[in-house]
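In this note's numbering, the protein residues as written are 24 to 140. All C-beta atoms in this analysis are idealised placements derived from N, C-alpha and C, irrespective of residue type, glycine included. Remember, predicted model here, so these are calculated numbers, not experimental data.
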Amino acid sequence: MRSAPTHCAACSRGAQVRPWVEGGLACEAVGGTVAAVSAFDPLGAVASYPGPVWLINGSRDPFRMDEREFLRACRHGRLYVLPRTGHLGALADPRALARLLGDFANAASAFTADAVR
């Protein structure tokens with residue numbers, strides 16, 4: 024396994040980035056992207072959504088720090104933590120994630136049917 028500082032230093036010298044940027048970089052999109060991301064309120068978005076929300080995280084995902092806050096914001100939220108999985112759970116165990124997504128689709132269909140009655 025490569026160490027992050029060594030790998031990042033190689034990238035910053037262009038050793039691995041050069042083929043991707045030979046055609047140039049379109050930096051004019053950065054300002055609009057940063058503005059859009061800065062204006063987005065993810066907690067407000069999940070709080071205002073009336074349907075079911077499943078939060079699926081890997082147990083080793085470094086971005087889990089606010090998952091409980093997101094869960095509290097959801098009207099109909101559930102939290103699933105995939106054991107021994109990092110941030111890219113779909114790559115680590117695609118079958119487990121596919122099963123969860125199938126279960127979610129069934130639960131969402133049942134939720135919608137109950138809401139219509």
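Evaluate PHE86 with the Cβ neighbour count: other Cβ atoms within 10 Å of its Cβ, from every protein chain shown; 16 or more gives buried, anything less gives exposed.
Exposed, since its Cβ has fewer than 16 Cβ neighbours within 10 Å.
Report the three-state DSSP secondary structure of ARG25 (helix, strand or coil).
Here ARG25 scores only 48 on pLDDT, less than 50, and its place in the model should not be relied on; the value that follows carries that caveat. When DSSP states are grouped into helix, strand and coil, ARG25 belongs to the coil group.
Please say whether ALA115 and LEU102 have beta carbons closer to each other than 9 Å?
Not in contact: LEU102 and ALA115 (Cβ atoms no closer than 9 Å).
For CYS97, which residues of its own chain have a beta-carbon under 6 Å away from its beta-carbon, when the five flanking residues on both sides are left out?
Sequence-distant partners of CYS97 (beyond 5 residues in either direction) whose C-beta falls short of 6 Å from its own C-beta, in its chain, are VAL69, VAL76.
Other residues of its chain near PHE93: CB distance less than 7 Å, five sequence neighbours each side excluded:
Within the same chain, PHE93 has close Cβ partners LEU66, VAL69, LEU78.
How big is the Cα-Cα spacing for ASP84 and ALA52?
When only Cα atoms are considered, ASP84 and ALA52 end up about 29 Å apart.
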